[in-house]
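Worksheet for the structure shown next.
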Amino acid sequence: MQIDPVTRELIYNALRTIADNMVVSVIRTSRSTVVKQNLDFSTGIHLADAQLAVQGLSLPLHLGAMQPALNGILARHGDNLHPGDILISNDPYEGASHLNDIFMYKPVFSDGRLIAFMCVISHHTDMGGRVAGGNATDSMEIFQEGFRIPPLKVYEEGRPNETFFALFEKQVRVPDKVLGDFRGQVAAVNIAEQEMHKLIEDWGADTVAVYMQELVDHAERLTRASIAELPDGEAEFTDYMDDNGMGIGPVRFQVKLTKKGDEMLIDWTGTSEQNGGALNPNFACTQSCTWAALRTVLSPDIPTNAGFYKPITVTAPEGCFLNPVFPAALGARGAAGYRVRHTVMGLLAQYLPDRMQACPGGSEFAIAIGGYYKDRTPFMTLEFHNTTGIGGGPDRDGQDAGPFSIGNLANTPMELVETEGPVMFERYAFIKDSEGAGEWRGGLGIVREYRFLADEQTVQVRSDRAFNPPWGLFGGKAGRGQHNTLNPDTAPESLPTKFIRVLKREDVFRAEMPGAGGYGDPWTRDPELVAEDVRQDKMTLEHVREAYGVVIDPATLEVDRAGTDKLRARGPAG
Amino acid sequence: MTDYRLGVDIGGTFTDILLIAADGTVHTRKVLSTPDDYSRAIEEGVAALLADLGVPASTIREFSHGTTVATNAIIERKGVRVALVATEGFRDVLELARFRVPKLYDLNFRKPPALVERRLRFELPERILASGAVRRPLDMAAVDALAERLKTEKVDAIAVCFMNSYVNDAHEQAAARRLQELLPGIPVTASTDLVPQIQEYERTTTTVVNAYIRPVVESYVRALAARMRDIGVEVPLMIMQSSGGILSAERVAKSPAFIIESGPAAGVVGAQRVGAKTGLEDLMVLDMGGTTAKASLIEDGAYNLSPDIEVGGDTSASHRLIQGSGYIVQFPTIDIAEVGAGGGSIAWVDAGGGLKVGPHSAGAAPGPVCYGLGGTEPTVTDANLILGYLNPGALVGGDLKVDYKAAEDALVRLGKRVGMDTVAVAHGIHRIANATMMRALAAVSSERGRDPRQFDLLAMGGNGGVHAVGLAQALGIRRISVPPVAGLFSALGLLFADVEHLMISAYYRELQLIAPEDFNARIEPVWDELDTLLSAEGFSGGGQRDIRAYVDIKYVGQASSLTVPFARYPVDADAVAAAAEAFAQEHMRTYGYRSDGERLQVVSLRVVGRGVPLEPRVPDRVARAAETRVEEGTRDAFFGGDHGWVSAAVLPRSALAGGVRKGPLIVEEYDTTTVVPPGWRASLDSWNNIVLEREDA
């Protein structure tokens with residue numbers, strides 16, 4: 000079939016509309032905050048051979064996740080698919096990601112021929128297991144993390160698998176939310192299947208199949224062209240997590256890039272071995288996060304599909320922290336997924352120093368608060384605050400509370416949290432003097448402070464970067480690290496970055512999240528910019544003197560030129 | 000002497016001025032906007048139009064206005080110096096915002112800066128819980144001290160927004176009142192004066208936006224009124240709100256955040272009124288202009304309202320569901336989906352040899368290549384010209400000469416890059432633009448579970464009639480209306496809208512715990528206030544004040560609420576039960592399920608007061624006064640598929656009065672063109688809409 004660029008664009012638009020309709024359908028029907036507010040789900044459309052053809056609104060973490068999970072499903076059911084089937088999996092050892100993400104696929108047939116799969120991945124609030132929300136960092140094996148679903152049919156030729164639904168309902172803490180969201184996923188793939196049939200009716204099955212493949216090939220051409228524009232070369236970078244989720248650390252993230260012609264190789268050899276804990280991401284997640292970070296230096300016109308993946312090879316030795324083997328726990332792998340992205344950003348900064356920023360702020364902070372009211376009805380609050388602000392450089396400051404463009408998790412409105420559970424907030428604010436200093440400074444750190452109002456609640460926290468704060472570049476300093484404190488104003492107790500505790504009524508938990516890294520020598524920063532931060536109450540006089548060598552007149556809050564010149568001539572202390 | 004009603008809509012580039020007589024005769028003028036002082040173009044344009052007609056300004060008995068002044072003040076950051084007052088611990092909520100990324104993978108994305116810098120954000124000791132209970136009383140001494148401090152900061156406006164004030168506004172109102180007492184010259188806006196809704200960031204930024212543009216809009220309104228008086232237009236100035244009702248300029252000036260979508264709202268209201276007049280209750284509305292296309296849905300005779308709007312958002316964002324590129328304003332806003340496809344959208348070739356259209360636009364300057372104003376990149380308009388859809392000699396009724404050769408050359412160059420001949424590439428551009436617009440139409444229909452085939456299409460904007468049939472065919476729609484004055488339709492819609500006051504008050508309590516008297520006690524003062532207001536505005540006759548009460552309900556613990564009406568006021572137990580049932584039904588329709596065992600949470604009460612005019616707002620027929628500048632003839636046009644090049648009759652709208660004509664036809668008018676391909680037929684309805692129908696329909 001001769002490829003016509005107009006037909007390709009028309010079919011591409013139609014498929015995008017179908018993928019977007021799935022997105023909207025999921026939002027409309029979902030019952031959980033994590034889906035509605037955080038948009039923690041993704042949609043896509045695959046070719047019959049599992050290649051991803053089109054992705055709807057999707058989390059970067061899911062960028063490359065859909066294809067491996069579908070391969071897992073095809074391995075078990077590939078020769079036994081029928082119209083009306085709906086298949087799911089959440090088993091990372093058969094291609095899925097972590098237990099809370101349920102991958103759902105519906106095959107689309109035309110005259111008995113398999114044409115496509117419709118896909119919706121949704122993060123579910125709870126999947127059972129030893130800790131509500133499934134984000135515990137110190138699990139040893141996946142068996143502790145909840146309900147593991149191998150690839151199986153939840154609908155067979157349109158008939159629901161009642162055994163599965165009966166079992167599922169008993170495994171999760173908040174079945175109305177989880178089953179409600181699950182039904183939303185089902186509704187979305189059903190609607191998408193109908194729309195796909197209409198597309199096939201309009202264009203013919205052959206044309207649709209040929210052009211879905213052409214979309215993949217086109218994306219590959221765009222990706223290769225974009226890679227070819229970058230210089231050939233090699234680069235390396237290392238970043239660390241404080242520990243593996245069980246207090247053992249640091250965990251080394253070691254990456255090397257080799258770029259030649261129109262291909263890239265990203266190799267994670269040298270990364271720490273897998274050694275327990277639930278932070279390690281499975282390899283599909285490592286790959287997705289690597290690809291996501293690379294996208295920042297490639298053409299924004301490249302659609303995400305199987306063609307984008309082909310020219311970029313990602314490898315990680317089996318059994319390392321970024322490619323763990325069974326039965327590693329993976330529940331909190333989102334945190335390491337961020338570290339993968341940071342490490343690749345650092346790698347790209349070595350390779351393309353005039354294009355990249357220092358490390359974004361934040362510690363992949365997540366909190367789950369669960370318990371029971373007096374009448375034994377459950378409550379559960381789950382919040383993610385993965386990043387705080389943008390790193391400095393290469394030609395401007397990192398924005399305070401600037402959103403991280405390789406992760407799109409929104410925060411949750413405090414008023415919503417307060418209506419949904421026995422929690423109130425005492426503070427949500429910038430932390431003064433917490434930026435990574437630099438010629439271009441990083442964004443400030445952020446404090447969020449919780450007061451608990453039930454007699455008892457189990458509080459589980461995942462955070463990091465207390466000992467390996469967000470790094471600076473080219474002389475820029477790291478941001479201030481994570482600090483967790485219980486009852487800071489009454490009986491302060493420092494808490495580790497990762498913990499599970501039962502807390503009492505009126506206990507207060509203060510989470511101080513890291514600032515972003517700075518870029519370039521802070522002692523060369525324009526003193527006027529420094530003074531402005533002081534006037535805005537974002538920095539103190541003492542801090543700017545020490546970190547930037549800038550003297551500010553305390554009465555006028557203007558730069559003391561003479562004092563600054565003198566101090567800067569002497570250089571930083573130590 | 001005939002009297003007129005005046006509608007003026009300011010768009011990005013042009014200001015549209017329209018006069019309509021009681022018999023529906025319309026006179027228009029399109030003039031360049033004057034961004035340094037938008038009221039100048041209005042004064043000059045109105046004066047010129049009156050002079051053309053040779054009638055005095057005293058013949059104008061109504062003046063209704065849609066304006067981008069509020070929006071532009073925000074986008075161009077021309078508001079005033081605002082102080083924000085927040086609950087202790089939360090002054091940074093405004094700058095922290097929501098961490099949404101509208102453009103994934105773009106490291107250079109920066110969210111728009113907070114409209115109040117940190118040094119002007121202040122905190123007061125107080126705290127109200129989600130239940131409405133007071134956890135910490137408001138410290139009035141601290142309010143007084145803050146007032147002193149604010150005197151030295153020389154702020155022009157103050158915004159007050161406290162945590163959970165949407166449940167219990169006592170602290171916020173007390174603080175705002177006290178600040179206003181102590182600082183009489185500085186306007187104070189409390190969040191609960193506007194729309195008391197949950198979500199602290201969104202409510203705070205709404206309040207701040209309002210405070211930020213209030214003095215700007217106030218002075219604009221004053222200047223415009225003065226200019227109009229100078230030319231003898233004495234009638235009160237009415238302004239369109241985002242929700243589709245008009246209000247007196249004095250009231251709008253206090254809540255300018257509510258006129259953000261003024262112009263686009265007027266277009267949808269116009270479509271809805273025309274639909275009601277011609278028996279079309281279910282309409283998809285498409286407005287295709289120069290840079291974007293907008294879609295909205297009218298169902299059972301009503302348009303949809305969405306709970307908020309993002310100002311200064313970016314239509315080229317990677318996904319329209321991800322907000323974060325602009326400022327959120329919480330106010331019921333006519334739901335309009337916008338995509339970057341207009342006549343000026345540029346066609347280009349990507350690195351993989353793919354043909355793309357938009358979202359970059361040549362805008363009005365330099366504009367399409369065929370305008371001959373310096374544009375070099377081919378646009379949708381250039382493609383439509385080559386296809387024979389647009390007049391190859393001149394556009395805008397002869398006012399704009401067309402450089403056909405330049406457009407053709409540009410398309411030849413583009414065609415070579417994708418290996419297509421000129422006509423094929425032009426037709427490709429036309430169809431790809433349609434595909435992009437389909438996404439907007441899908442956003443308001445199939446994404447909400449609505450089947451587009453159940454709707455008629457109403458096409459407006461300068462380019463709506465050129466693309467309408469292609470879109471209708473793709474959507475399975477069998478009938479299209481192209482109204483008269485389609486290119487200035489918002490200016491017309493302004494004159495069909497009713498005066499409408501919307502009052503929302505927070506009332507956060509479980510429905511089961513509320514007695515009907517409790518509802519009545521809260522509704523009564525607002526009801527009476529609206530009744531008095533409407534009377535004072537001239538709606539004093541019997542039946543002229545249409546006041547209705549609504550309640551916003553959600554399931555306990557749910558994020559968003561739905562609005563349902565009370566069947567009567569005073570409310571009784573039956574009316575409460577009926578509202579609960581209406582909520583469950585609407586929930587089923589919107590979210591796909593109802594959950595009858597769950598407890599219901601009342602969030603707020605709304606009272607809407609509409610002024611019912613004695614004379615009908617919409618005439619029985621609308622026609623442009625001078626409509627016959629088009630010479631009838633024929634032109635070859637390309638329709639692809641089985642048709643290829645076909646000779647099409649070219650005619651003015653009035654020529655359709657003779658009866659049904661079969662396509663191919665091209666209907667040319669001053670401000671719009673309607674293309675009727677083979678297989679479709681065209682006629683005029685009683686209101687003077689062009690009605691296009693499929694031959695097999």
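So the protein lines, in turn, are chains F and R.
Just so we're aligned: 545 in numbering that gives the first Met the number 0 is position 546 of the first sequence, and the numbers increase by one with no gaps anywhere.
Just so we're aligned: 40 in numbering that gives the first Met the number 0 is position 41 of the second sequence, and the numbers increase by one with no gaps anywhere.
By construction, the Cβ of each residue, glycine as well, lies at the ideal position given by its N, Cα and C atoms.
Report the three-state DSSP secondary structure of R:SER317 (helix, strand or coil). Here residue 317 of chain R is taken as the residue at index 318 of the second sequence, counted from 1. Confidence at R:SER317 is low in this model, with a pLDDT of 44, below 50, so its placement is unreliable and the value that follows should be read with caution. DSSP places R:SER317 in coil when its eight states are reduced to three.
Looking at chain R, is there any beta carbon in it that lies within less than 8 Å of the beta carbon of F:THR268? As a first step, residue 268 of chain F must be located in the first sequence, where it is residue number 269. With 8 Å as the cut-off, F:THR268 does not count as an interface residue toward chain R.
Kindly list the residues whose CB is nearer than 6 Å to the CB of R:VAL411, restricted to its own chain and excluding five residues on each side of it in sequence; keep chain order. Within the second sequence, residue 411 of chain R is the residue found at index 412, counting from 1. Contacts found: THR421.
Going along the chain, which residues of its own chain have a beta-carbon closer than 8 Å to the beta-carbon of F:ARG15, five neighbours each way excluded? Taking the first sequence and counting its residues from 1, the one referred to as residue 15 of chain F is at position 16. Contacts found: VAL53, GLY55.
On the DSSP bridge list, what partners appear for F:PRO159? Locating residue 159 of chain F in the first sequence gives position 160, counting from the first residue. Paired residues: F:TYR154.
Alpha carbon of F:PHE282 to alpha carbon of F:ASN322, nearest angstrom: Here residue 282 of chain F refers to the residue found at position 283 of the first sequence. Here residue 322 of chain F refers to the residue found at position 323 of the first sequence. One C-alpha to the other measures close to 5 Å.
Could you tell me whether the segment 246-256 of chain R touches the segment 341-361 of chain R, where touching means 3 or more Cβ pairs closer than 8 Å? no
Cβ-based contacts, 7 Å cut-off: residues of the segment 517-538 of chain F near chain R: ARG534, GLN535, ASP536, LYS537
Taking the alpha carbon of R:PRO214 as the point to measure from, which residue in R:ASN163, R:ASP155, R:VAL166, R:ILE258 has its own alpha carbon closest? One-based indexing of the second sequence puts residue 214 of chain R at position 215. Residue R:ASP155 is the option with its Cα nearest to R:PRO214.
Spatial neighbours of R:ALA442 within its chain, please: CB distance less than 6 Å, with the 5 preceding and 5 following residues excluded, ordered by chain position. In the second sequence, the residue the question calls residue 442 of chain R occupies position 443. ALA336, listed in sequence order.
For the beta strand (DSSP E) containing F:PHE403, list its first residue and its last residue. Within the first sequence, the letter at position 404 stands for residue 403 of chain F. It is not in any beta strand (DSSP E) - F:PHE403 carries neither H nor E in the DSSP assignment.
Exposed or buried, what is F:TYR372 when buried is set at 16 or more other beta-carbons lying within 10 Å of its beta-carbon? Counting from 1 along the first sequence, the entry for residue 372 of chain F is found at position 373. When all chains shown are included, F:TYR372 counts as exposed.
Straight-line CA distance for F:GLY519 to F:VAL558? Taking the first residue of the first sequence as 1, we reach residue 519 of chain F at position 520. Taking the first residue of the first sequence as 1, we reach residue 558 of chain F at position 559. When rounded, the separation of the alpha-carbon atoms in F:GLY519 and F:VAL558 is 21 Å.
Short check: CB of R:VAL465 to CB of R:TRP679, under 8 Å? Along the second sequence, read from residue 1 onward, the residue named residue 465 of chain R stands at position 466. Along the second sequence, read from residue 1 onward, the residue named residue 679 of chain R stands at position 680. No, they are not a contact pair.
Under the three-state reduction of DSSP, which class applies to F:LYS537: helix, strand or coil? For this step, residue 537 of chain F is matched to residue 538 along the first sequence. DSSP places F:LYS537 in coil when its eight states are reduced to three.
Assuming R:TYR506 and R:ARG521 are in contact, meaning their beta carbons sit under 8 Å apart, how far apart are those beta carbons, in whole angstroms? Against the second sequence, residue 506 of chain R aligns to sequence position 507. Against the second sequence, residue 521 of chain R aligns to sequence position 522. With a Cβ gap of about 6 Å, R:TYR506 and R:ARG521 count as contacting.
Closer than 7 Å, Cβ to any Cβ of chain R: which residues of the segment 212-237 of chain F, in chain order? Here the close residues are HIS217, ARG220, LEU221, ALA224, SER225.
Backbone CA spacing between R:VAL570 and R:TYR549 [nearest angstrom]: In the second sequence, residue 570 of chain R corresponds to position 571, counting from 1. In the second sequence, residue 549 of chain R corresponds to position 550, counting from 1. Straight-line Cα distance between these residues: approximately 11 Å.
Count the other CB atoms, across all protein chains shown, that sit within 10 Å of the CB of R:GLY658; report buried if there are 16 or more and exposed otherwise. As a working note, residue 658 of chain R is residue 659 in the second sequence. A residue is called buried when at least 16 other Cβ atoms come within 10 angstroms of its Cβ; R:GLY658 does not meet this threshold and is exposed.
Quick one: using the 10 Å Cβ neighbour count with 16 as the cut-off for buried, is F:LEU455 buried or exposed? Counted from its first residue, the first sequence places residue 455 of chain F at position 456. The residue you asked about is not Leu; residue 455 of chain F is Glu in the sequence shown. Label assigned to F:GLU455: exposed.
Nearest residue (CA-CA) to F:HIS217, options F:ASP242, F:ILE301, F:GLY269: The residue labelled residue 217 of chain F in the question sits at position 218 within the first sequence. Considering only alpha carbons, the answer is F:ILE301.
Okay, do the segment 227-234 of chain F and the segment 204-217 of chain F touch, 3+ Cβ pairs below 8 Å being the bar? no
Segments of 3+ residues assigned as beta strand (DSSP E) that fall wholly inside the segment 297-325 of chain F: Listed in chain order, they are 311-314.
Have a look at R:VAL348 and F:VAL5 and give me their C-alpha separation to the nearest angstrom. In the second sequence, residue 348 of chain R corresponds to position 349, counting from 1. In the first sequence, residue 5 of chain F corresponds to position 6, counting from 1. Going by the C-alpha atoms only, they are around 11 Å apart.
Using 10 angstroms around the beta-carbon of R:GLU61, count the other beta-carbons present and answer buried if the total reaches 16, otherwise exposed. For this step, residue 61 of chain R is matched to residue 62 along the second sequence. By the Cβ neighbour-count rule, R:GLU61 is buried, with 16 or more other Cβ atoms within 10 Å of its own.
Rounded to a whole number of angstroms, what is the C-alpha to C-alpha distance between F:PHE451 and F:THR380? Here residue 451 of chain F corresponds to residue number 452 of the first sequence, with the count starting at 1. Here residue 380 of chain F corresponds to residue number 381 of the first sequence, with the count starting at 1. Computed Cα separation, rounded: 11 Å.
Looking only at DSSP bridge pairs, what is R:PRO564 linked to? As a working mapping, residue 564 of chain R is identified with position 565 in the second sequence. Per DSSP, R:TYR549.
One question on the structure: do F:ALA515 and F:GLY435 come within less than 8 Å of each other, judged by their Cβ atoms? What you label residue 515 of chain F is simply residue 516 of the first sequence in a count that begins at 1. What you label residue 435 of chain F is simply residue 436 of the first sequence in a count that begins at 1. Contact: yes.
Going by other Cβ atoms of all chains shown within 10 Å of its Cβ, with 16 needed for buried, is F:GLY391 buried or exposed? Numbered from its first residue, the first sequence carries residue 391 of chain F at position 392. Label assigned to F:GLY391: buried.
Entirely enclosed beta strand (DSSP E) segments - the segment 409-480 of chain R, minimum 3 residues: Along the segment 409-480 of chain R, the beta strand (DSSP E) occurs as fully enclosed runs of 3 or more residues at 455-459, listed in sequence order.
Assigned secondary structure, R:SER685 (DSSP; H/G/I helix, E/B strand, else coil): Position 686 of the second sequence holds residue 685 of chain R. In the structure shown, R:SER685 sits in coil (DSSP, three-state: anything other than H, G, I, E or B).
I need the boundaries of the alpha helix (DSSP H) containing F:ASP205, first residue and last residue. Stepping through the first sequence from its first residue, residue 205 of chain F is reached at position 206. Counted as a single uninterrupted DSSP element, the alpha helix (DSSP H) harbouring F:ASP205 occupies residues 204-227.
Considering only the beta carbon of each residue, do F:ALA554 and F:LEU472 sit closer than 8 Å? For this step, residue 554 of chain F is matched to residue 555 along the first sequence. For this step, residue 472 of chain F is matched to residue 473 along the first sequence. Taking 8 Å as the Cβ cut-off, F:ALA554 and F:LEU472 do not qualify as a contacting pair.
Apart from the five residues just before and just after R:PHE518, which ones in its own chain have a Cβ nearer than 6 Å to its Cβ? On the second sequence, residue 518 of chain R is found 519 positions in, with the first residue counted as 1. These residues qualify, in order along the chain: VAL570.
Less than 8 Å between the beta carbons of F:PRO402 and R:VAL100, yes or no? Reading the first sequence from its first residue, position 403 is the one you call residue 402 of chain F. Reading the second sequence from its first residue, position 101 is the one you call residue 100 of chain R. In this structure, F:PRO402 places its C-beta atom within 8 Å of the C-beta atom of R:VAL100.
Tell me which same chain residues have a C-beta within less than 6 Å of the C-beta of F:ALA428, skipping the five on either side of it? Taking the first residue of the first sequence as 1, we reach residue 428 of chain F at position 429. Cβ within range, chain order: VAL446.
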